[in-house]
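Data first, discussion second: the structure below is written as structure tokens.
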Amino acid sequence: MFQQQSFQTIASGKLYLVPTPIGNLDDMTFRAVETLKSVDLILAEDTRHTQKLLNHFDIQTPTLSFHEHNSKSRLDDVIHRLQAGETIAQVSDAGMPAISDPGADLVSACVENQLAVVPLPGANAALTGLIASGLSTEQFKFIGFLPRKKNAKNEMLASLKNETATMLFYESPFRIKNTVADLVTAWGEERQAVVVRELTKTHEEFLRGQLSELQTYFEEHSDVKGEICFIVAGNPTPNEVDEGIEATIREKPLSWQVEWWMSTKDLSSKQAIKKVAKENQLNKREVYTAYHIEGSD
């Protein structure tokens, strides 16, 4: 359904999407501060965390928690308040709301109910890291967090191996070591990548190099701390990578082989298991176990 939004045509309340600093409080914009002061309510992922920001800028507006665990139960109430004419701001703990954040569902509900959504520009970790990465900014693709389960994670990496655009990821400091190792397995050692830690903060750090070099670094530095995003160069020769991986695929873990055949040749899991068993001269049950049990760790 076609929809045209403007302040003149929408008389009810408005939802403001207000970015917050990703580290340095000086990155808060004048408009963001004024908006948070003027609205009736602020929706926050963690009200205690947001309250520190509000105290810093002497913002007295009341807050209400709105996060992945309660957003569905509170969505109707928020929509009703907007329909009644209230103005509400949505903030995340850091950066742009609605990016890897429950704010996306709220925006969709507002659009469906013909309520105005007003986005404010501001801080975003992925784009901030990208522009200083040294990798191509001509085309880029935001991936966000990879799946935690191994099968799903490997399947996504296999589906992205021929992506030619620069890719932007978020990751936990506790998982970055294993994720970089998974990237080496899925995409090879030579792909250029940048791991960015503590953006805009005192200990801001850029680690640039081939995936193999980053893997070595994290094997030697296992106590990584802080907020992390990482950027990986796109695949400049996608067809060659397919051919290279297929030539050495039996060196990969069995579960990874199954996922690779599924994503590359559009096979079902049953067909891929049969293919891997034949290629490795193994019993199908052994491959089935590796995929469904070992691969789900």
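Numbering (our numbering), first residue to last: -6 to 290. Note that the Cβ used here is the ideal one computed from N, Cα and C, for glycine as well.
- For Glu182, the three-state secondary structure derived from DSSP is coil.
- In the DSSP assignment, Leu36 falls within the unbroken beta strand (DSSP E) covering 34 to 37.
- For Val188, same chain residues with a beta-carbon under 7 Å away, outside a window of 5 residues either side, are Ile169, Leu200, Leu207, Ile221, Phe223 in chain order.
- Looking at the backbone, the Cα of Glu272 and that of Lys245 are separated by about 12 Å.
- CA-CA distance, Gly219 to Leu192, rounds to 9 Å.
- When Cβ pairs closer than 8 Å are counted between the two stretches, the region 267 to 287 is seen to touch the region 242 to 256, the count reaching three or more.
- Here Thr54 is not near Ala37, since their CB atoms are 8 Å or more apart.
- With contact defined as three or more Cβ pairs closer than 8 Å, the region 84 to 95 and the region 31 to 50 are in contact.
- When DSSP assignments are scanned along the region 192 to 270, the uninterrupted stretches of beta strand (DSSP E) that are 3 or more residues long and fall wholly within it turn out to be 198 to 203, 221 to 225.
- At least 8 Å separates the beta-carbon of Pro12 from that of Ala109.
- Cβ-Cβ separation between Ser256 and Glu183: approximately 21 Å, too far for a contact (criterion under 8 Å).
- In the three-state reduction of the DSSP assignment, Lys142 falls in the coil class.
- C-alpha of Lys134 to C-alpha of Phe162: approximately 9 Å in a straight line.
- Straight through space, the alpha carbons of Ser66 and Phe138 are spaced by roughly 24 Å.
- Rounded to whole angstroms, the gap between the alpha carbons of Pro14 and Ala25 is 10 Å.
- In its own chain, leaving out the 5 sequence neighbours on each side, no residue places its CB closer than 6 Å to the CB of Glu131.
- A check of alpha carbon separations from Thr121 across Asn17, Ala174, Lys263 identifies Asn17 as the nearest.
- Under DSSP, no beta-bridge partner is assigned to Tyr281.
- Residues of the same chain with a CB within less than 7 Å of the CB of Pro231, apart from the 5 flanking positions on each side, are Asn155, Thr157 in chain order.
- Contact annotation, Thr172 with Leu128: C-beta distance approximately 17 Å; criterion of less than 8 Å not satisfied.
- Contact between Gly6 and Gln76 is confirmed by a C-beta separation of about 7 Å, below the 8 Å threshold.
- Distances from the alpha-carbon of Ala226 to those of Ala186, Leu260, Ser205 put Ala186 closest.
- In this structure Thr28 does not touch Ala97 by the C-beta definition: roughly 19 Å separates them, more than the 8 Å allowed.
- Distances from the CA of Ser93 to each of Val104, Ala119, Asp70 were compared; the closest alpha carbon is that of Ala119.
- In this chain, Ala25 is not harboured by any beta strand (DSSP E); it is covered by the alpha helix (DSSP H) spanning 23 to 31.
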